[in-house]
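Participant: This is the structure I want to talk about, given as structure tokens.
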Amino acid sequence: MEGGVIATATIFKLGKRTRIFIVVALLVALVVVLGVRISEYDLVGGCLSRITLNTYTHFTFNYTAALLYYSSLATPTGLEVVYPGSHTIYLADDQALDYYALLKIYNVTGNPEAISLARRIYSASLVYGGLFKYWNPVFEVVGSYPNTTQPMSGVDVTLGYIDGYTVRATVFSVNPAFNYSAYADQLAYRVLLYLHLGEYTQAEVVFGRLTKMWSGVGFADEAYSGVYQTYKLADYLVAWRALEMHRQTCSFT
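Residue numbering for the sequence shown follows my numbering, starting at 275 and increasing by one per position.
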């Protein structure tokens, strides 16, 4: 409808960023109806307040398609490849995201294939130090936070080879030169980090910056080059909900 946003997570053509969209989408809900326009919010009485409008954002998620996707990524190693047919396995951030998404799918659908795949990923990851050995900012959506607020950037490294697959990871380290404020997903993760640290005012400021990137269609951040990255809308919804549920938010409906 006019003024609204419709985001549908039905899986068709897939790539590496799809799994980020899926796991974040699963954390939002099966169907979310938000009576808001993303680009409008106000500070009222010193706390964040959102205007309720007669417009809606409808968010639906196809669990069956998501499970088919994860099944297509499975390998004999127990770990999952980057995309169907690939011979590259990323330990981070892929395995942790896949694990939590499959747990959510199982909890909602009861499909035994989902929990079986999740257990295989978890067990296979132990050989490499576990799901969170190589920390990634997206892990904040599942409650794993860094021990610093300094900007961090990642470098892809090859860790080895197994059964014909190349095992890689994105290794993050402190990088003061990295401008996280230029990227919508990084701003969303920063909102979550500040809320975790109890720095509500900072979370509020960062959320304002994130909201200003919304073009009415997608997030026009530094990575935008004519095609919007849909997973950033899901990241936004997680940050939105975290603020909505926070005790210091006066009105966020």
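The C-beta atom is built at its ideal place from N, Cα and C for all residues, glycine as well.
1. Label Leu304 either buried or exposed according to how many other C-beta atoms from any shown protein chain fall within 10 Å of its C-beta, with 16 as the threshold for buried.
2. How would you call Ser399, buried or exposed, if buried means at least 16 neighbouring beta carbons within 10 angstroms?
3. Restricting to Cα atoms, I'd like to know which of Ile436, Pro450, Val441 and Asp437 is closest to Asp430.
4. Distance check for Leu391 and Gly352, CA to CA, integer angstroms please.
5. So is Asn410 buried or exposed if we call it buried at 16+ other beta carbons inside 10 Å?
6. Counting C-beta neighbours from all protein chains within 10 Å, is the total for Trp514 16 or more, i.e. buried, or is it exposed?
7. With distance defined between alpha-carbon atoms, name the residue in Tyr474, Gln460 and Asp509 nearest to Glu496.
8. From Phe446 to Gly472, what does the alpha carbon distance come to, in whole angstroms?
9. Mind the definition here: the region 500 to 512 touches the region 448 to 465 only if three or more C-beta pairs lie below 8 Å; say whether that holds.
10. Taking Asp269 and Ile395 to be in contact with their CB atoms under 8 Å, please state how far apart those CB atoms are, rounded to whole angstroms.
11. Could you give the distance in angstroms between the alpha-carbon of Val480 and the alpha-carbon of Arg464?
12. As a quick exercise: from Asn453, Tyr498, Tyr505 and Leu466, pick the residue whose alpha carbon is nearest that of Ala516.
13. Taking C-alpha atoms, which residue in Thr338, Thr432 and Leu342 lies nearest to Leu365?
14. Determine the burial state of Lys506: buried for a count of at least 16 other Cβ atoms within 10 Å of its Cβ, exposed for fewer.
15. Please report how far the alpha carbon of Asn336 lies from the alpha carbon of Ala348, in whole angstroms.
16. Could you give the DSSP three-state label for Arg464: helix, strand or coil?
17. Within the continuous alpha helix (DSSP H) that includes Phe481, where are the two ends?
18. As a quick exercise: from Pro450, Leu469, Gly384 and Lys486, pick the residue whose alpha carbon is nearest that of Met519.
Facilitator: With the structure as the only source:
1. Taking the sequence shown and counting its residues from 1, one reaches residue 304 at position 30. With a pLDDT of 36 at Leu304, under the threshold of 50, the modelled position of that residue is not reliable, and the figure given next carries that caveat. Leu304 is exposed by the Cβ-count criterion.
2. Sequence index remark: in the sequence shown, residue 399 carries index 125 (1-based). Buried, by the Cβ-count rule.
3. For the purposes of this step, residue 430 is identified with residue 156 of the sequence shown, where counting begins at 1. It is Val441.
4. In the sequence shown, counting from the first residue as 1, residue 352 sits at position 78. In the sequence shown, counting from the first residue as 1, residue 391 sits at position 117. C-alpha separation (whole angstroms): 8 Å.
5. Position 136 of the sequence shown holds residue 410. Buried, by the Cβ-count rule.
6. What you label residue 514 is simply residue 240 of the sequence shown in a count that begins at 1. Per the 10 Å Cβ criterion, buried.
7. Position 222 of the sequence shown, counting from 1, holds the residue named residue 496. The residue with the shortest Cα to Cα distance from Glu496 is Gln460.
8. Locating residue 446 in the sequence shown gives position 172, where the first residue counts as 1. Locating residue 472 in the sequence shown gives position 198, where the first residue counts as 1. C-alpha separation (whole angstroms): 24 Å.
9. yes
10. Nothing can be reported for residue 269: it is not among the residues displayed for the chain, which extend from 275 to 527.
11. In the sequence shown, the residue the question calls residue 480 occupies position 206. In the sequence shown, the residue the question calls residue 464 occupies position 190. The alpha-carbon atoms of Val480 and Arg464 are separated by roughly 7 Å.
12. Working through the sequence shown from its first residue, we reach residue 516 at position 242. Ranking Asn453, Tyr498, Tyr505 and Leu466 by Cα distance to Ala516 puts Leu466 first.
13. The residue labelled residue 365 in the question sits at position 91 within the sequence shown. Looking at the Cα atoms, Thr432 is the closest of the given residues.
14. The count along the sequence shown starts at 1 and reaches residue 506 at position 232. Label assigned to Lys506: buried.
15. Residue numbering aside, residue 336 sits at position 62 when the sequence shown is read from its first letter. Residue numbering aside, residue 348 sits at position 74 when the sequence shown is read from its first letter. Taken atom to atom, the span from the alpha-carbon of Asn336 to that of Ala348 is near 19 Å.
16. Counted from its first residue, the sequence shown places residue 464 at position 190. Note: Arg464 maps to helix in three-state DSSP.
17. On the sequence shown, position 207 is the one that residue 481 refers to. Here the alpha helix (DSSP H) through Phe481 covers Tyr474 to Lys486.
18. Within the sequence shown, numbered from 1, the residue matching residue 519 stands at position 245. Scanning Pro450, Leu469, Gly384 and Lys486 for the CA closest to the CA of Met519 turns up Leu469.
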